[in-house]
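At position 77 of the sequence shown the residue is numbered 228 (the working numbering), and the sequence of numbers has no breaks.
In this text, a Cβ means the ideal position worked out from N, Cα and C, and glycines have one as well.
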Amino acid sequence: QVQLVESGGGLVQPGGSLRLSCVASASIIRFQMMGWYRQAPGKQRELVARISTGGSTWYADSGLRDRFTISRDNAANTVYLQMNSLKPEDTAVYYCKADLGGVSYWGQGTQVTVSS
């Protein structure tokens, strides 16, 4: 059983930055894809960004690509999401997801609140 633990969320003012971390209980080299998703109150969970084993990255839209950066540290079994220029609409619970052999694993989520 793979466990994913997110951290780094919190309360930040508009325009601020946060870095989320997702630590896996297994070597992340095994996972075909890892990603960050978010779910705002009353909305469906949505993709933010994904990164492959080889380091290729995808972002849900150009606006997120301009402000967020997904990266991975294989030695630390950790995937990061650097979030800059945060906006109130970025407020959500952020989840880490890992795909392995057709099975998806999710973390418990970390709350990000952008408010003045």
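What residue from the options has the CA that sits closest to residue i's CA?
i: arginine 223; options: Gly214, Met234, Gly193 and Thr208; result: Thr208
i: tryptophan 187; options: Gly260, Cys247 and Asn235; result: Cys247
i: glutamine 216; options: Val199, Ala227 and Tyr231; result: In the sequence on display, residue 216 carries arginine and not glutamine. The shortest Cα separation from arginine 216 among Val199, Ala227 and Tyr231 belongs to Val199.
i: isoleucine 202; options: Tyr231, Val244 and Ser158; result: Tyr231
i: isoleucine 221; options: Val265, Gln154, Leu169 and Gln152; result: Leu169
i: asparagine 235; options: Gln259, Gln154, Ala177 and Gly160; result: Gly160
i: phenylalanine 219; options: Asp212, Asn225 and Gln233; result: Gln233
Following the continuous beta strand (DSSP E) through residue i, name the residue where it begins and the one where it ends.
i: leucine 251; result: 243 to 251
i: threonine 204; result: Counting along the chain, threonine 204 falls outside any beta strand (DSSP E), and DSSP gives it neither H nor E.
i: arginine 189; result: 184 to 190
i: leucine 155; result: 155 to 158
i: glycine 258; result: Segment: none, glycine 258 is in no beta strand (DSSP E) and carries neither H nor E.
i: leucine 237; result: That residue, leucine 237, is in no beta strand (DSSP E); it is neither H nor E in DSSP.
i: glycine 161; result: 161 to 163
Quick check on DSSP: helix, strand or coil for residue i?
i: aspartate 212; result: coil
i: alanine 175; result: strand
i: tyrosine 218; result: Just to set this straight, residue 218 is arginine in the shown sequence, not tyrosine. Here arginine 218 sits in helix by DSSP.
i: arginine 181; result: helix
Could you check if residue i is buried or exposed, using at least 16 other CB atoms within 10 Å of its CB as the buried criterion?
i: lysine 238; result: exposed
i: valine 254; result: exposed
i: lysine 194; result: exposed
i: aspartate 241; result: buried
i: glutamate 273; result: The displayed coordinates of the chain run from 152 to 267. Any statement about residue 273 would go beyond what the structure contains.
i: alanine 227; result: exposed
i: isoleucine 180; result: exposed
i: glycine 252; result: exposed
Answer yes or no: does any C-beta atom of chain C fall closer than 8 angstroms to that of residue i?
i: proline 239; result: Looking at the structure shown, chain C is missing, and only one protein chain is on hand.
Is it true that the region 157 to 170 meets the region 199 to 215, where meeting means three or more beta-carbon pairs spaced less than 8 angstroms apart? Flag = no, the region 157 to 170 and the region 199 to 215 do not touch.
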